[in-house]
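So the structure is just underneath, and the comments pick up after that.
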Amino acid sequence: MKTDKEKALEIAQLMEDGKGKDVVVLDVSQLNSWTDFFVIVTVNSSVHWKGLYKIVKDYVKENDMQIHITNKKTPDGDDWNLIDIGTVVVHLMSEDARNFYDLEKLWFKGEKLR
0 MKTDKEKALE IAQLMEDGKG KDVVVLDVSQ LNSWTDFFVI VTVNSSVHWK GLYKIVKDYV
60 KENDMQIHIT NKKTPDGDDW NLIDIGTVVV HLMSEDARNF YDLEKLWFKG EKLR
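Here numbering that gives the first Met the number 0 is used: the first residue of the sequence shown is 0, the next is one more, and so on.
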(Lines of atoms letter the chains of each structure in order from A; the text may use other names.)
(Lines give C-alpha, C1' and ligand atoms only; values in the text may rest on other atoms or scores of the structure.)
Protein backbone atom coordinates (compact mmCIF):
# COMPACT_ATOMS: atom_id res chain seq x y z
CA MET A 0 0.00 0.00 0.00
CA LYS A 1 1.30 3.45 -0.95
CA THR A 2 1.96 6.10 1.65
CA ASP A 3 0.42 9.56 1.31
CA LYS A 4 3.89 10.89 0.55
CA GLU A 5 4.31 8.41 -2.32
CA LYS A 6 0.89 9.39 -3.66
CA ALA A 7 1.74 13.10 -3.53
CA LEU A 8 5.00 12.47 -5.38
CA GLU A 9 3.25 10.31 -7.98
CA ILE A 10 0.64 13.02 -8.57
CA ALA A 11 3.46 15.55 -8.94
CA GLN A 12 5.10 13.35 -11.58
CA LEU A 13 1.78 13.04 -13.43
CA MET A 14 1.43 16.83 -13.37
CA GLU A 15 4.90 17.19 -14.84
CA ASP A 16 4.14 14.54 -17.47
CA GLY A 17 1.02 16.58 -18.31
CA LYS A 18 3.25 19.61 -19.00
CA GLY A 19 2.55 21.36 -15.68
CA LYS A 20 5.37 23.80 -14.92
CA ASP A 21 7.40 24.30 -11.75
CA VAL A 22 5.81 21.35 -9.93
CA VAL A 23 6.49 21.48 -6.18
CA VAL A 24 5.50 19.12 -3.37
CA LEU A 25 5.42 20.55 0.16
CA ASP A 26 5.05 18.45 3.29
CA VAL A 27 2.80 20.60 5.49
CA SER A 28 1.76 17.80 7.85
CA GLN A 29 3.40 19.46 10.87
CA LEU A 30 1.86 22.85 10.11
CA ASN A 31 -1.89 22.16 10.04
CA SER A 32 -4.50 19.53 10.84
CA TRP A 33 -6.40 19.36 7.55
CA THR A 34 -3.88 18.05 4.99
CA ASP A 35 -0.38 16.64 4.77
CA PHE A 36 0.90 17.56 1.31
CA PHE A 37 0.51 20.35 -1.22
CA VAL A 38 1.23 19.70 -4.88
CA ILE A 39 1.60 23.11 -6.54
CA VAL A 40 1.55 23.36 -10.33
CA THR A 41 1.64 26.24 -12.79
CA VAL A 42 -0.79 25.86 -15.71
CA ASN A 43 -1.03 27.98 -18.84
CA SER A 44 -4.75 27.91 -19.71
CA SER A 45 -8.19 26.68 -18.68
CA VAL A 46 -7.86 23.80 -21.13
CA HIS A 47 -4.55 22.87 -19.50
CA TRP A 48 -5.91 22.84 -15.93
CA LYS A 49 -8.95 20.85 -17.04
CA GLY A 50 -6.64 18.27 -18.61
CA LEU A 51 -4.55 18.06 -15.45
CA TYR A 52 -7.73 17.80 -13.36
CA LYS A 53 -8.76 14.77 -15.43
CA ILE A 54 -5.35 13.18 -14.83
CA VAL A 55 -5.76 13.67 -11.06
CA LYS A 56 -9.34 12.39 -11.19
CA ASP A 57 -8.19 9.21 -12.97
CA TYR A 58 -5.34 8.74 -10.45
CA VAL A 59 -7.74 9.16 -7.54
CA LYS A 60 -10.08 6.56 -9.00
CA GLU A 61 -7.25 4.06 -9.62
CA ASN A 62 -5.88 4.49 -6.09
CA ASP A 63 -9.16 4.23 -4.17
CA MET A 64 -9.07 7.85 -3.07
CA GLN A 65 -11.78 10.51 -3.13
CA ILE A 66 -11.95 14.12 -4.28
CA HIS A 67 -13.67 16.32 -1.71
CA ILE A 68 -15.86 18.94 -3.33
CA THR A 69 -14.92 22.47 -2.28
CA ASN A 70 -17.32 25.39 -2.15
CA LYS A 71 -16.03 28.47 -3.91
CA LYS A 72 -16.98 31.93 -2.73
CA THR A 73 -16.23 33.38 -6.14
CA PRO A 74 -17.17 32.18 -9.63
CA ASP A 75 -15.01 29.57 -11.30
CA GLY A 76 -11.90 31.04 -12.80
CA ASP A 77 -8.73 29.96 -14.48
CA ASP A 78 -6.29 31.50 -12.01
CA TRP A 79 -6.40 28.99 -9.14
CA ASN A 80 -8.15 25.65 -9.01
CA LEU A 81 -7.87 23.43 -5.99
CA ILE A 82 -8.31 19.65 -5.87
CA ASP A 83 -8.79 18.42 -2.30
CA ILE A 84 -7.98 14.72 -1.94
CA GLY A 85 -7.82 14.82 1.85
CA THR A 86 -4.19 14.21 2.73
CA VAL A 87 -3.06 15.74 -0.59
CA VAL A 88 -4.24 19.08 -1.95
CA VAL A 89 -3.38 19.92 -5.56
CA HIS A 90 -3.15 23.60 -6.49
CA LEU A 91 -3.43 24.30 -10.23
CA MET A 92 -2.45 27.95 -10.61
CA SER A 93 -1.83 30.43 -13.41
CA GLU A 94 1.62 31.98 -13.39
CA ASP A 95 0.16 35.31 -12.20
CA ALA A 96 -1.75 33.68 -9.32
CA ARG A 97 1.24 31.60 -8.35
CA ASN A 98 3.46 34.67 -8.19
CA PHE A 99 0.84 36.69 -6.31
CA TYR A 100 -0.08 34.09 -3.66
CA ASP A 101 3.41 32.54 -3.44
CA LEU A 102 2.32 29.46 -1.49
CA GLU A 103 5.89 28.22 -1.16
CA LYS A 104 6.78 31.41 0.71
CA LEU A 105 3.57 31.38 2.76
CA TRP A 106 4.18 27.74 3.81
CA PHE A 107 7.98 28.14 4.02
CA LYS A 108 8.18 25.94 7.12
CA GLY A 109 6.93 22.98 5.10
CA GLU A 110 9.54 20.56 3.83
CA LYS A 111 10.04 20.85 0.09
CA LEU A 112 10.06 17.29 -1.24
CA ARG A 113 10.30 18.23 -4.90
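Every residue gets a Cβ at the ideal spot worked out from N, C-alpha and C, and that includes glycine. Computed from a predicted structure; not experimentally measured.
C-alpha distance - residue i paired with residue j, whole-angstrom precision
i	j	result
residue 110	residue 25	6 Å
residue 90	residue 0	25 Å
residue 101	residue 61	31 Å
residue 105	residue 63	31 Å
residue 98	residue 17	21 Å
residue 59	residue 66	7 Å
Cβ neighbour criterion (16 or more within 10 Å) applied to residue i
i	result
residue 113	exposed
residue 13	buried
Beta-bridge pairing of residue i - partner residues as DSSP gives them
i	result
residue 26	36, 110
residue 13	Answer is none; residue 13 lacks a bridge partner.
residue 92	41, 79
Proximity of residue i and residue j at Cβ, strictly below 7 Å
i	j	result
residue 42	residue 48	yes
residue 22	residue 37	no
residue 51	residue 19	yes
residue 83	residue 93	no
residue 87	residue 6	yes
Endpoints, alpha helix (DSSP H) assigned at residue i
i	result
residue 57	45 to 61
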